[in-house]
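Counting in my numbering, the first sequence runs from 255 upward without gaps. To start, the structure itself, in structure tokens.
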Amino acid sequence: MAKKAKGSHSASSPSTSASSGKLVLRIKSNEGIKRSVRQTNSRKKLIAKQKKKKQKIDAKKPKKPPTAFFYFLEDFRKEFQEQNPDVKSMRDIGKACGEKWKTMTYEEKVQYYDIATEKRAEFDRAVAEFNKKMESGEFEESDEESEFEE
DNA sequence: CTATTGATTGTTCAA
DNA sequence: TTGAACAATCAATAG
Numbered sequence: 255m256a257k258k259a260k261g262s263h264s265a266s267s268p269s270t271s272a273s274s275g276k277l278v279l280r281i282k283s284n285e286g287i288k289r290s291v292r293q294t295n296s297r298k299k300l301i302a303k304q305k306k307k308k309q310k311i312d313a314k315k316p317k318k319p320p321t322a323f324f325y326f327l328e329d330f331r332k333e334f335q336e337q338n339p340d341v342k343s344m345r346d347i348g349k350a351c352g353e354k355w356k357t358m359t360y361e362e363k364v365q366y367y368d369i370a371t372e373k374r375a376e377f378d379r380a381v382a383e384f385n386k387k388m389e390s391g392e393f394e395e396s397d398e399e400s401e402f403e404e
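Here's what the structure looks like:
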């Protein structure tokens, strides 16, 4: 069962009016920055295996929550596959997503931003709980990785 | 068969 | 302020 309960967002209605013009994220003011050097030019592919190797089941440390863009991807992917059943692979979709994402207006994106914001809040709490658990007495990991035992 | 890569942007941490 | 890294996904590829 794990999850997948997000079948229907159910319009969680994340305080639509709460925003009231108070945006915690300051996404604007990007015109002068020019994105620097295309964002981390060194990253490339020399980071060794940065990404997960498979299904890393870490019941311990909570992993970073997906960003708004990723949520958009989930929805976009479905539509994209329907409109482009010939296209396979996320690479093409990713490009299409990125392109469309930029065309989206702030209002459209804000919806995903909102979701991501909540997710981060939950993530933050997960971390707090995780830390608490650590203090509780479950001292595992720390830093030593000398031996792996399962 | 198994593991890794690739492509997208957003968010966070450290110096 | 900026670099660096990682988040999900799934086809394709490498060994």
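C-beta atoms are modelled at their ideal positions from N, C-alpha and C, and glycine is treated no differently.
query: Buried versus exposed, by CB contacts within 10 Å (16 or more), Phe384; result: exposed
query: Rounded C-alpha distance that separates Ala375 from Tyr325; result: 16 angstroms
query: Buried or exposed by the 16-neighbour rule on C-beta atoms within 10 Å, applied to Tyr366; result: buried
query: First through last residue of the alpha helix (DSSP H) which encompasses Thr357; result: 344-357
query: Residue range of the alpha helix (DSSP H) that includes Asp329; result: 322-337
query: Whole-angstrom distance between Met358 and Val364, CA atom to CA atom; result: 10 angstroms
query: DSSP state of Asp340 mapped onto helix, strand, coil; result: coil
query: Same chain, Cβ closer than 6 angstroms to Lys373, five either side skipped, listed in chain order; result: Pro319
query: Helix, strand or coil at Lys373 according to DSSP, with G and I counted as helix; result: helix
query: Local conformation of Lys363 per DSSP, three classes; result: helix
query: Exposed unless 16 or more other CB atoms sit within 10 angstroms - verdict on Asp329; result: exposed
query: Lys387 in three-state terms, based on DSSP; result: helix
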